[in-house]
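A.B. asks: I have a structure I would like to understand better, so I am pasting it below and will then ask my questions one at a time.
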């Protein structure tokens, strides 16, 4: 079996969904003939036709609106926004309609759609191509926010998102689109939404992360093992609704937690997890919950962005502080 | 290449005189009486809702006084299987589409069950964020086209709403995709306090369609025959694969923007008085009376029947049991995620012994 990158695994899942369900349509700018700017839809229009793999005019608010209409009218649209930084014109649709249609009609109409968007830094993109604004969507009731961190999880979670009867924001960390290859069988098996994945077991500290930062988090865990610190690594995967029990039971075991995300510090989704640990896990904590995050700055242009992205070193430093607490490491 | 002309259609002038030979459907006086009956309902119901807001029985309402021919005209042109994506000022159209009085009152009264239409089950709920419904209509129309269904999506927008980028994007998508959608711009001359001439330098709003390759038409929106006729033709064109149309319906908002608005702050009352002579009911009534198809007794009977129908609907609305507090969680998702269950239970616990909900 050929090994796939994450972006190829996304493409494989989209092809599987188109094959299995005639109501599935893909739409977005350049997704058809060109196969998407990252090639996430490569070759699909040739197989499934221009009526189901639809090139749209260059208009993000419009893409948001037609996607809502398609979903409410019985299709299962998967819309691609080329970069998360371009999605803001569609906010009105996402916040005012996608997240609310089922609720405001008490289930008479619904929005079974997936909005895909590559996000995050680290590929030396131009301005507005590198932001991590997942927390904005996580704050909106009615949205599911799902972020894969490997080819296998991209395939399984995207299939689950498409089959889900409710809207899903599927944010793809593009820095790892092509950094890792895995065997990804095209077996049509979805992975569960609304559950965290425990990627590594450990007893000394819980590292909670998602998206591209999972790579540095896992690397840090390996390095820490060499220093005698066993880290448990959790990939949150579905930010909302949050699987707090998995995180909480890990922290009950380890007594320490470091949350790692690429997005800015203030109001990042790590703050939500830290707050819930304070509410529900305080008596199990041996040290303060720490966060390793991006800064409250605009993500720098290409030349300086590597100094913004979370590094293995920063994660290790945070873990050493939490393990040494109340002493300085 | 689209014809750059913007045709204008009117059959009945404000005095009830026929200015152009009536279209075929309007040769049948029973059809015209039906339109008149529905417009009269809209007028009486609108007045009732406004009064109910004033007396605190509903929190807000967007009145339609003077615009009855628009909603009755286009909604009666639609087929049951078509889908309507309207604005908050389309109440009269929703009633024509089969939304019941008690459903509508629940919506204006502040209860989401008002959007659970037993009748037009695929129509969208009335939309507040301006112009967002127009792109959605294109998506609905795309689904119809993909499945080969002979159905049309109809969406409305105001003169103010036609300034929004969403509306342009919607028309552009519709033209590029050639989908069965009809855009109805309800130009009532005022977007809250902004008059039409300051809203856009475009000579007509219908011509906005021309920029994206969609034909545009203007209609006398106070002539229900003209509205019904022009929208019927646009619908049939869309249904038979002829693509979208932009119809600008020209009417006048005879009252405030909403029950929270006071139009006397920005609008000359003399302007409003002058427009009363153009209002849509009187011209059709004059025409029917002069054709010996309607008399004073018919009018009195109609009003008695309508008022009773409205009172029955209000009684049904007021007899509804309120939703329990935890109902806010019922339809957030198809199935309530585990993560929300604690919050739902907290709401139930907070109100379980409260005098407020009477469960204690």
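Chains as they are written, first to last, in this note's numbering: chain E, 146 to 474; chain L, 75 to 434.
We treat Cβ as the ideally placed atom computed from N, Cα and C, and that holds for glycine.
For clarity, every value in this text was computed on a predicted model and none was experimentally measured.
(1) Measure the alpha-carbon distance for residue 395(E) versus residue 454(E) and round it to whole angstroms.
(2) Output, in sequence order along the chain, the residues in the stretch 210 to 229 of chain E whose CB is closer than 8 Å to any CB in chain L.
(3) Give me the chain L residues within the contact set of residue 204(E), using Cβ-Cβ distance strictly less than 8 Å, ordered along the chain.
(4) So within the stretch 366 to 441 of chain E, which uninterrupted beta strand (DSSP E) runs reach at least 3 residues, ignoring any that extend past its ends?
(5) Pick out the complete beta strand (DSSP E) segments inside the stretch 253 to 330 of chain E, 3 residues or longer, and give them in chain order.
(6) Between residue 199(L) and residue 158(L), which are expected to be in contact by the criterion C-beta below 8 Å, what is the C-beta distance as a whole number of angstroms?
(7) Hey, out of 209(L), 79(L), 312(L), whose CA is closest to residue 211(E)'s CA?
(8) Roughly how many whole angstroms lie between the Cα atoms of residue 418(L) and residue 302(E)?
(9) Residue 240(L) versus chain E: which residues are under 8 Å apart at the beta carbon?
(10) Let's see if you can read the secondary structure: which residues bound the beta strand (DSSP E) around residue 225(E)?
(11) Nearest to residue 80(L) by CA position, among 337(L), 348(L), 309(L), 291(L), is which residue?
(12) Residue 437(L) versus chain E: which residues are under 7 Å apart at the beta carbon?
(13) Look up residue 200(E) in the DSSP assignment and give the residues it is bridged to.
(14) So, with DSSP's three-state summary, where would you put residue 446(E)?
(15) Taking Cβ-Cβ distances shorter than 8 Å, what residues in chain L pair up with residue 196(E)?
(16) What residue from 348(L), 303(L), 349(L), 366(L) has the CA that sits closest to residue 95(L)'s CA?
(17) State the start and end residues of the unbroken alpha helix (DSSP H) segment that holds residue 420(L).
(18) What separation, rounded to the nearest whole angstrom, lies between the Cα atoms of residue 225(L) and residue 254(L)?
(19) Roughly how far, in whole angstroms, is the beta-carbon of residue 461(E) from the beta-carbon of residue 383(E), given that I think they are within contact range, below 8 Å?
(20) Does the beta-carbon of residue 222(L) have 16 or more other beta-carbons within 10 angstroms, so that it is buried, or is it exposed?
(21) Mind listing the chain L neighbours of residue 311(E)? Cutoff is C-beta to C-beta under 7 Å, in chain order.
(22) What's the gap between the Cα of residue 399(L) and the Cα of residue 248(E)?
(23) Who are residue 345(E)'s beta bridge partners in DSSP?
(24) Run through the stretch 199 to 223 of chain L for me and flag every whole alpha helix (DSSP H) of 4 or more residues, listed as ranges in chain order.
(25) At a cut of 8 Å, does the stretch 316 to 329 of chain L reach the stretch 165 to 173 of chain L through at least three beta carbon pairs?
(26) So, helix, strand or coil for residue 392(L), using DSSP?
(27) For residue 447(E), which residues in the same chain have their Cβ closer than 6 Å to its Cβ, ignoring the five residues on either side in sequence?
(28) Just to confirm before moving on: does the CB-CB distance between residue 388(E) and residue 354(E) stay below 9 Å?
(29) Which whole runs of the beta strand (DSSP E) in the stretch 216 to 265 of chain L are 3 residues long or more, in chain order?
(30) Measuring CB atoms only, is the stretch 246 to 264 of chain E touching the stretch 304 to 312 of chain E, in the sense that at least three cross pairs come out at less than 8 Å?
(31) Helix, strand or coil: which one does DSSP assign to residue 268(L)?
(32) Mind listing the chain L neighbours of residue 250(E)? Cutoff is C-beta to C-beta under 7 Å, in chain order.
(33) Residues bridged to residue 186(E) by DSSP?
(34) Could you give the first and the last residue of the continuous alpha helix (DSSP H) run that contains residue 101(L)?
(35) Quick check: what's the CA-CA separation for residue 379(L) versus residue 161(L)?
(36) Closer than 6 Å by C-beta to residue 87(L): which residues in its own chain qualify, once you throw out the five before and the five after it? Chain order, please.
C.D. replies: The answer reads as follows:
(1) Their backbone Cα atoms lie some 26 Å apart in a straight line.
(2) Those residues of the stretch 210 to 229 of chain E that come within reach of chain L (Cβ to Cβ, closer than 8 Å) are 210, 211, 212, 213, 214, 215, 216, 217, 218, 219, 220, 222.
(3) Around residue 204(E), the beta-carbon contacts reaching into chain L at under 8 Å are 243, 246, 247.
(4) Runs of beta strand (DSSP E) with 3 or more residues, each lying fully within the stretch 366 to 441 of chain E, are found at 376 to 380, 383 to 385, 402 to 405, 435 to 437, listed in chain order.
(5) DSSP assignment within the stretch 253 to 330 of chain E yields the following whole beta strand (DSSP E) runs of 3 residues or more, N-terminal first: 259 to 264, 289 to 291, 313 to 318.
(6) Rounded, the Cβ-Cβ distance is 10 Å, inconsistent with contact.
(7) Taking only the C-alpha atoms, the option nearest residue 211(E) is 209(L).
(8) CA-to-CA, the gap between residue 418(L) and residue 302(E) works out to about 27 Å.
(9) Residues of chain E passing the Cβ test: 206, 207, 210, 237.
(10) Membership of residue 225(E) in the beta strand (DSSP E) is indicated by the continuous run 221 to 225.
(11) When each option's Cα is compared against that of residue 80(L), the closest is 291(L).
(12) The structure shown does not extend to residue 437(L), since chain L spans only 75 to 434, so no value can be given for it.
(13) DSSP, once it has assigned bridges, lists 173(E) as partnering residue 200(E).
(14) Note: residue 446(E) maps to coil in three-state DSSP.
(15) Around residue 196(E), the beta-carbon contacts reaching into chain L at under 8 Å are 220.
(16) With distances taken between Cα atoms, residue 95(L) lies closest to 303(L).
(17) Note, residue 420(L): alpha helix (DSSP H), 412 to 426.
(18) As the crow flies, the alpha-carbon of residue 225(L) is around 7 Å from that of residue 254(L).
(19) With a Cβ gap of about 27 Å, residue 461(E) and residue 383(E) do not count as contacting.
(20) Looking at its Cβ environment, which holds fewer than 16 other Cβ atoms inside 10 Å, residue 222(L) is exposed.
(21) Simply 407, 408.
(22) Rounded to whole angstroms, residue 399(L) and residue 248(E) show a C-alpha spacing of 14 Å.
(23) Looking at the DSSP assignment, residue 345(E) forms a beta bridge with 378(E).
(24) Within the stretch 199 to 223 of chain L, the complete alpha helix (DSSP H) runs of at least 4 residues are 206 to 221.
(25) No: fewer than three Cβ pairs fall under 8 Å.
(26) Residue state, collapsed to three classes: helix.
(27) Counting only Cβ-Cβ distances below 6 Å, and skipping sequence neighbours, we find 269.
(28) Their beta carbons are not under 9 Å apart, which means residue 388(E) does not touch residue 354(E) by this criterion.
(29) Here the runs fully enclosed are 227 to 232, 255 to 261.
(30) Contact check between the stretch 246 to 264 of chain E and the stretch 304 to 312 of chain E: three or more CB pairs, one atom from each, fall below 8 Å, which counts as touching.
(31) Residue state, collapsed to three classes: strand.
(32) Those within 7 Å of residue 250(E) in chain L are 189, 190, 199.
(33) Residue 186(E) is bridged by DSSP to nothing; it lacks a bridge partner.
(34) Taken as a continuous stretch (DSSP letters only), residue 101(L) belongs to no alpha helix (DSSP H), as it is neither H nor E.
(35) Spanning the two alpha carbons is a distance of roughly 28 Å.
(36) Taken in chain order, the residues that qualify are 93.
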